[in-house]
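**Q**
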Amino acid sequence: MLLKDAEILTAIVTPFNEGGTINYSGLEELINHLLAHGSQGFVVGGTTGEVATLTANEKLALYRKFVAIVAGRVPIIVGTGSNNTQATINFSQKVGQIKGITAQLVVVPYYNKPNQRGMLAHFTAIAQQTNLPIIIYNIPGRTGVTMSNATILELAKNPQIIGVKQCTTVSDLEYLVEHAPQDFLVFSGEDAQSLAAKTVGAQGIISVASHIYGDQMQQMYAALDAGQVTTAGAWQRKLTPKMAALFMFPSPSGVKALLNAQGFHTGNCRLPIVNLNDDEKRQLAHQLALPNDDLSQPISLQLGENHV
Numbered sequence: 012m013l014l015k016d017a018e019i020l021t022a023i024v025t026p027f028n029e030g031g032t033i034n035y036s037g038l039e040e041l042i043n044h045l046l047a048h049g050s051q052g053f054v055v056g057g058t059t060g061e062v063a064t065l066t067a068n069e070k071l072a073l074y075r076k077f078v079a080i081v082a083g084r085v086p087i088i089v090g091t092g093s094n095n096t097q098a099t100i101n102f103s104q105k106v107g108q109i110k111g112i113t114a115q116l117v118v119v120p121y122y123n124k125p126n127q128r129g130m131l132a133h134f135t136a137i138a139q140q141t142n143l144p145i146i147i148y149n150i151p152g153r154t155g156v157t158m159s160n161a162t163i164l165e166l167a168k169n170p171q172i173i174g175v176k177q178c179t180t181v182s183d184l185e186y187l188v189e190h191a192p193q194d195f196l197v198f199s200g201e202d203a204q205s206l207a208a209k210t211v212g213a214q215g216i217i218s219v220a221s222h223i224y225g226d227q228m229q230q231m232y233a234a235l236d237a238g239q240v241t242t243a244g245a246w247q248r249k250l251t252p253k254m255a256a257l258f259m260f261p262s263p264s265g266v267k268a269l270l271n272a273q274g275f276h277t278g279n280c281r282l283p284i285v286n287l288n289d290d291e292k293r294q295l296a297h298q299l300a301l302p303n304d305d306l307s308q309p310i311s312l313q314l315g316e317n318h319v
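Okay, structure coming up:
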């Protein structure tokens with residue numbers, strides 16, 4: 012499958028062993044499960060993958076192994092960005108030597124708080140000195156700055172910059188879809204916008220909820236494609252509170268707790284993110300057990316295990 016044909020990309024967690032190393036057997040199990048349940052591609056080494064706690068060598072090893080496991084079945088986008096332009100270039104050049112990666116996800120620089128000219132210069136320099144196509148990651152809630160629509164559209168003129176993961180508003184998605192080059196990929200990074208994004212013409216969603224609700228999200232998009240707007244809307248209304256529940260606590264602690272409860276070996280979160288304690292697990296289970304709910308979802312989380 013080509014990236015331009017993928018609508019649901021899972022921003023996948025990074026499974027860890029008890030000793031804190033990456034659990035590659037658990038990763039392979041999870042990848043194959045997700046591919047059978049709605050995922051049409053992956054973002055690896057993103058926020059949900061706890062990229063901020065991975066060393067450069069861990070990321071390179073993870074990306075190589077990920078490519079080998081996926082074996083060309085779906086697109087793979089890997090996180091390469093940082094708040095240091097030259098460090099991002101250096102790392103991206105190493106990642107670009109790994110065959111089988113579709114694109115690199117490059118976050119708007121965090122902490123430094125560059126202005127729009129600084130953002131333009133940052134992404135232009137990376138595009139000039141790396142070989143992997145770039146998807147901009149515009150997530151102001153984590154970076155402290157917002158890349159404007161005008162800046163995104165200016166960068167979209169660069170053939171090396173092929174898309175954006177946009178974590179802002181639906182109106183921003185509308186504007187970008189309307190004004191960007193036709194082949195520029197606009198993804199929402201907000202699960203609650205999954206249906207709205209497709210409705211206004213965006214490519215689709217880069218999702219956390221698809222770890223748990225990939226089948227239902229796929230059915231929602233299928234209903235929309237079939238012109239069954241009322242059915243698609245009903246799916247989104249049922250999914251939205253569940254999507255919100257996954258972010259009740261710092262991500263990815265909620266989705267990892269659920270995956271572990273389902274028998275997947277995703278392990279603990281790395282500090283400074285802590286695992287859910289028993290009270291938090293009960294709160295999450297309660298939020299996922301909504302009245303008149305017909306979505307299949309285990310709501311019994313294992314208590315007293317692997318929490319800090």
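Here the sequence shown is numbered in my numbering, starting from 12 and rising by one per residue. Glycine included, every Cβ here is placed at the ideal spot set by N, Cα and C.
In the DSSP output, which residue or residues are listed as bridge partners for A22?
**A** The count along the sequence shown starts at 1 and reaches residue 22 at position 11. Partner(s): V54.
**Q** Out of G52, D202, T162, L206, which one is the CA nearest neighbour of A191?
**A** Taking the sequence shown and counting its residues from 1, one reaches residue 191 at position 180. A191 has its Cα closest to that of T162, out of G52, D202, T162, L206.
**Q** How many Å lie between M12 and S103 at the Cα?
**A** On the sequence shown, position 1 is the one that residue 12 refers to. On the sequence shown, position 92 is the one that residue 103 refers to. Going from the Cα of M12 to the Cα of S103 covers about 24 Å.
**Q** Compute the Euclidean distance between the alpha carbons of M130 and V119, then round it to the nearest angstrom.
**A** Translated into positions along the sequence shown, residue 130 becomes position 119. Translated into positions along the sequence shown, residue 119 becomes position 108. Roughly 7 Å between the two C-alpha positions.
**Q** Could you work out which residue in H276, L250, R281 is closest to A300 when comparing CA atoms only?
**A** By 1-based counting over the sequence shown, the position of residue 300 is 289. The shortest C-alpha separation from A300 is found at L250.
**Q** Keeping to the same chain, check which residues put their C-beta closer than 7 Å to that of P57; ignore five residues upstream and five downstream.
**A** For the purposes of this step, residue 57 is taken as the residue at position 46 of the sequence shown. In the sequence as displayed, the identity of residue 57 is Gly instead of Pro. Hits under 7 Å: A22, G90, L116.
**Q** Leaving out five residues on either side along the sequence, give the residues of the same chain with a beta carbon under 7 Å from the beta carbon of W246.
**A** Taking the sequence shown and counting its residues from 1, one reaches residue 246 at position 235. If we look at W246 and ignore the five residues flanking it on each side, its Cβ neighbours are Q227, Q230, M231, A234.
**Q** I'd like to know whether the C-beta atoms of L287 and S262 end up nearer to each other than 9 Å.
**A** Indexing the sequence shown from 1 puts residue 287 at position 276. Indexing the sequence shown from 1 puts residue 262 at position 251. Contact flag unset, no.
**Q** Can you tell me whether Q108 is helix, strand or coil according to DSSP?
**A** The residue you call residue 108 lines up with position 97 of the sequence shown. Coil at Q108, not helix or strand.
**Q** For A114, name the three-state secondary structure that DSSP assigns.
**A** If you number the sequence shown from 1, residue 114 lands on position 103. DSSP places A114 in strand when its eight states are reduced to three.
**Q** Roughly how many angstroms lie between the CA atoms of L65 and H133, to the nearest whole one?
**A** Along the sequence shown, read from residue 1 onward, the residue named residue 65 stands at position 54. Along the sequence shown, read from residue 1 onward, the residue named residue 133 stands at position 122. So the alpha carbons of these two residues sit roughly 22 Å apart.
**Q** Compute the beta-carbon to beta-carbon distance between I100 and A136, rounded to the nearest angstrom, for a pair I have assumed lies under 8 Å.
**A** Along the sequence shown, read from residue 1 onward, the residue named residue 100 stands at position 89. Along the sequence shown, read from residue 1 onward, the residue named residue 136 stands at position 125. I100 to A136, Cβ: 7 Å. Contact.
**Q** For E61 and T25, which I take to be in contact (beta-carbon distance under 8 Å), what is that distance rounded to the nearest angstrom?
**A** The residue you call residue 61 lines up with position 50 of the sequence shown. The residue you call residue 25 lines up with position 14 of the sequence shown. With a Cβ gap of about 5 Å, E61 and T25 count as contacting.
**Q** What does DSSP give as the partner residue(s) for F198 in the beta ladder?
**A** The count along the sequence shown starts at 1 and reaches residue 198 at position 187. K176, G215, per the DSSP bridge assignment.
**Q** In this structure, does DSSP put F102 in helix, strand or coil?
**A** Along the sequence shown, one-based indexing puts residue 102 at 91. F102: helix per DSSP, three-state reduction.
**Q** Taking the DSSP output, what are the residues bridged to Y148?
**A** Locating residue 148 in the sequence shown gives position 137, where the first residue counts as 1. Paired residue(s): V118, K176.
**Q** Measure the alpha-carbon distance for E39 versus L46 and round it to whole angstroms.
**A** By one-based count along the sequence shown, residue 39 stands at place 28. By one-based count along the sequence shown, residue 46 stands at place 35. Their backbone Cα atoms lie some 11 Å apart in a straight line.
**Q** Give the C-beta separation of L164 and I172 to the nearest angstrom, bearing in mind that I take them to be a contact with Cβ-Cβ under 8 Å.
**A** Looking up residue 164 in the sequence shown gives position 153. Looking up residue 172 in the sequence shown gives position 161. Between I172 and L164 the Cβ distance is about 11 Å, and since that is not below 8 Å, they are no contact.
**Q** Reducing DSSP to helix, strand and coil, say where F258 ends up.
**A** The residue you call residue 258 lines up with position 247 of the sequence shown. Reduced to three states, the DSSP call for F258 is coil.
**Q** Pull up the distance between the alpha-carbon of L282 and that of K176, whole angstroms please.
**A** What you label residue 282 is simply residue 271 of the sequence shown in a count that begins at 1. What you label residue 176 is simply residue 165 of the sequence shown in a count that begins at 1. Taking the straight line joining both Cα atoms gives about 26 Å.
**Q** Can you tell me where the beta strand (DSSP E) holding V89 begins and where it ends?
**A** The residue given as residue 89 occupies position 78 in the sequence shown. V89 -> beta strand (DSSP E) spans 87–90.
**Q** How many whole angstroms separate the CB atoms of F53 and V78, which I take to be in contact at a CB cut-off of 8 Å?
**A** By 1-based counting over the sequence shown, the position of residue 53 is 42. By 1-based counting over the sequence shown, the position of residue 78 is 67. Actually they are not in contact, since the Cβ atoms of F53 and V78 sit about 10 Å apart, beyond 8 Å.
**Q** Relative to the alpha-carbon of A272, which residue among I223, N34, L71, G111 has its alpha-carbon at the smallest distance?
**A** Taking the sequence shown and counting its residues from 1, the one referred to as residue 272 is at position 261. Looking at the Cα atoms, I223 is the closest of the given residues.
**Q** If you count every other CB in all the chains shown that lies within 10 Å of the CB of K168, and 16 or more means buried, which is it?
**A** Translated into the one-based positions of the sequence shown, residue 168 becomes position 157. The residue is exposed, with fewer than 16 neighbouring Cβ atoms inside 10 Å.
**Q** Considering Cα atoms alone, identify which of L41, T32, G111 is closest to E69.
**A** Within the sequence shown, residue 69 is the residue found at index 58, counting from 1. Out of L41, T32, G111, T32 has the C-alpha closest to the C-alpha of E69.
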